[in-house]
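In the working numbering, the protein residues as written are 6 to 534.
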């Protein structure tokens, strides 16, 4: 009898021991920087064949195959970039995200493009919470409504705390109309709410951020995900956004204590994060990620979500798909080794012509898509320039033009596309002293002379830190939408030709100039684009 009792005790202890050492998997799927791409688009595969990729219906089709319980999250910039996103002011994207069961989403800088009232409207549509722990009331210090600092979700018996954090670069928030709204350091906010989450028995802490990924560069001086990992205590995983970075295997920080993931942009990939958590030791054992390429011909489309997407595409109207011209080659917005790009040259040239100016400037970050070879539609041009910027003209001294170019050569957002001028610069020189020479229509720039300049309203009012435009004389906002100007040009000329012309010429060093924040040189304003 004693032996049976002893065996029973050992059996019970063994069972408890097995249970105590149990490690459970936590599946989290993530997206970021959707920018309104709710439907699949035709892209080039590695074998140079074309295929449809992306869209919410393809995401849902993949998720339908997942057998384990999961949590679906997003890291911001939901809608600005397509007609379906812009013209509904985000309602299309938010409705679909709700229909798919997104658990939480952090707001990105572009969620503010249509103002605070629109954010309140979207929050009333959404079931999922809008996270942003570092946007606070400047008087009370409390998080501004409708945002929540964090949300706790439970899966497989594990409580997961999600903290939302937004970039503090105010120059990227184009419409700042939040009464007493103030952005505070993301690590400061994270540390405050990590304590609160742990007091509320959160087992895992995940920051869902719209800060950007700095990469391996020690020179990056914006406060991104690596900064957060190094300055906030207790974050297990950072699900990031804002920089449109593709991290196929993630990125470990702090001797493998904080894991950073990001899926790219435009719903080209779905991120899968798997965390193994030990229930007895109450700790994360491992974390890994992979990116699922959202090829429509391989994954198919979920019929329910596809119907919602179709409803919005039909609502926006077939007029956007009418052909207005043709591109004779793929016209790209980026070129390796130079700030100049074929598409940037074309946009800047059209702006200069429309403004009857000697010089034109266009911010690289305002050009959001390439123009593929073949027919060009209104929709194509909408995706190239989804913002409602207008054409602004002014007179600037040669000295001011020179300062603008110097800023362009240190700007972390990709610098300026130029027309009417050519620049020689030296990458071995210190920032703000890199310009060797500037020619205006083939003649040397004269510091004391006034030049007629055309640009967009975003830059004219200080976007990305370019406050020097405020030095202009006879500033005139024509109220003509840049996108309409581009569309009219294509209609009239039918063909789009663009190429690299050597508008920027580099001396010394290799690659593009080192990019850094310019906010310490000229503090940015937050005027509307």
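Glycine included, each C-beta is placed from N, C-alpha and C at the ideal position.
Beta carbon of residue i nearer than 7 Å to that of residue j
{"i": "residue 30", "j": "residue 289", "result": "no"}
{"i": "residue 41", "j": "residue 90", "result": "yes"}
{"i": "residue 155", "j": "residue 198", "result": "yes"}
{"i": "residue 481", "j": "residue 400", "result": "no"}
{"i": "residue 263", "j": "residue 216", "result": "no"}
{"i": "residue 186", "j": "residue 218", "result": "no"}
{"i": "residue 177", "j": "residue 191", "result": "no"}
{"i": "residue 538", "j": "residue 214", "result": "Any question about residue 538 goes unanswered here, given that the chain covers just 6 to 534."}
{"i": "residue 81", "j": "residue 113", "result": "yes"}
{"i": "residue 57", "j": "residue 301", "result": "yes"}
{"i": "residue 211", "j": "residue 139", "result": "no"}
{"i": "residue 357", "j": "residue 459", "result": "yes"}
{"i": "residue 265", "j": "residue 353", "result": "no"}
{"i": "residue 336", "j": "residue 347", "result": "yes"}
{"i": "residue 99", "j": "residue 131", "result": "yes"}
{"i": "residue 445", "j": "residue 329", "result": "no"}
{"i": "residue 491", "j": "residue 321", "result": "no"}
{"i": "residue 83", "j": "residue 43", "result": "no"}
Among the options, nearest to residue i - alpha-carbon criterion
{"i": "residue 50", "options": "303, 454, 510", "result": "303"}
{"i": "residue 248", "options": "271, 259, 239, 261", "result": "271"}
{"i": "residue 471", "options": "493, 444, 414", "result": "414"}
{"i": "residue 384", "options": "331, 358, 284", "result": "331"}
{"i": "residue 281", "options": "361, 236, 273, 292", "result": "292"}
{"i": "residue 118", "options": "99, 181, 79", "result": "181"}
{"i": "residue 397", "options": "86, 328, 137, 365", "result": "365"}
{"i": "residue 2", "options": "491, 371, 144, 94", "result": "The chain is shown only over 6 to 534; residue 2 falls outside these bounds and no answer can be derived."}
{"i": "residue 68", "options": "318, 276, 243", "result": "276"}
{"i": "residue 448", "options": "460, 307, 461, 425", "result": "425"}
{"i": "residue 340", "options": "513, 420, 28", "result": "420"}
{"i": "residue 238", "options": "412, 209, 78", "result": "209"}
{"i": "residue 220", "options": "196, 258, 236, 127", "result": "258"}
{"i": "residue 5", "options": "360, 129, 48, 159", "result": "No answer is possible for residue 5: it lies beyond the span of the chain, which begins at 6 and ends at 534."}
{"i": "residue 477", "options": "454, 284, 390, 38", "result": "454"}
{"i": "residue 376", "options": "230, 474, 350", "result": "350"}
{"i": "residue 489", "options": "321, 38, 382", "result": "382"}
{"i": "residue 149", "options": "196, 77, 135", "result": "135"}
{"i": "residue 326", "options": "386, 283, 368", "result": "386"}
8 Å CB neighbourhood of residue i in its chain, flanking five on each side removed
{"i": "residue 104", "result": "309, 310, 313"}
{"i": "residue 274", "result": "251, 268, 296, 297, 298, 299"}
{"i": "residue 55", "result": "47, 48, 49"}
{"i": "residue 28", "result": "281, 282, 283, 284, 290"}
Buried versus exposed call for residue i [16 or more other C-beta atoms within 10 Å across all chains shown]
{"i": "residue 19", "result": "Caution applies to residue 19, whose pLDDT of 44 falls short of 50 and renders its modelled position unreliable; the model cannot decide the point."}
{"i": "residue 241", "result": "buried"}
{"i": "residue 323", "result": "exposed"}
{"i": "residue 388", "result": "buried"}
{"i": "residue 333", "result": "exposed"}
{"i": "residue 73", "result": "exposed"}
{"i": "residue 22", "result": "Reliability of the predicted coordinates at residue 22 is poor, the pLDDT of 46 falling under 50, and no value is obtained from them."}
{"i": "residue 143", "result": "exposed"}
{"i": "residue 468", "result": "buried"}
{"i": "residue 525", "result": "For residue 525, the predicted model reports a pLDDT of 39, less than 50, meaning its position is unreliable; a value from the coordinates is still stated below. Exposed, because fewer than 16 other Cβ atoms sit within 10 Å of the Cβ of residue 525."}
{"i": "residue 511", "result": "buried"}
{"i": "residue 147", "result": "exposed"}
{"i": "residue 228", "result": "buried"}
{"i": "residue 319", "result": "exposed"}
{"i": "residue 230", "result": "buried"}
{"i": "residue 287", "result": "exposed"}
{"i": "residue 342", "result": "exposed"}
{"i": "residue 462", "result": "buried"}
{"i": "residue 379", "result": "exposed"}
{"i": "residue 52", "result": "exposed"}
{"i": "residue 360", "result": "buried"}
{"i": "residue 159", "result": "exposed"}
Residues near residue i in its chain [Cβ-Cβ closer than 7 Å; skip 5 each side]
{"i": "residue 75", "result": "32, 33, 34"}
{"i": "residue 133", "result": "102, 103, 107, 108, 109, 110"}
{"i": "residue 254", "result": "294"}
{"i": "residue 475", "result": "467"}
{"i": "residue 62", "result": "306, 307, 310, 311, 314"}
{"i": "residue 355", "result": "490, 491, 494"}
Contacting residues, own chain, Cβ-Cβ under 6 Å from residue i (five flanking each side not counted)
{"i": "residue 428", "result": "410, 443, 509"}
{"i": "residue 123", "result": "94"}
{"i": "residue 484", "result": "395"}
{"i": "residue 317", "result": "89, 97"}
{"i": "residue 532", "result": "Caution is warranted here: a pLDDT of 34 is assigned to residue 532, below 50, making its placement in the model unreliable, and no coordinate value can be reported."}
{"i": "residue 305", "result": "66"}
{"i": "residue 450", "result": "403, 443"}
**Request:** Would you check if there are 3 or more beta carbon pairs closer than 8 Å linking the segment 159-170 to the segment 199-207?
**Result:** yes
**Asked** Are there three or more Cβ pairs, one per stretch, closer than 8 Å when the segment 496-505 is compared with the segment 400-413?
**Response** no
**Message:** With three or more C-beta pairs closer than 8 Å as the rule, is the segment 427-441 touching the segment 486-500?
**Reply:** Between the segment 486-500 and the segment 427-441 there are fewer than three inter-stretch CB-CB distances shorter than 8 Å, so the stretches are not counted as touching.
**Asked** Are at least three pairs of beta-carbons, each pair with one atom in the segment 438-447 and one in the segment 370-382, less than 8 Å apart?
**Response** no
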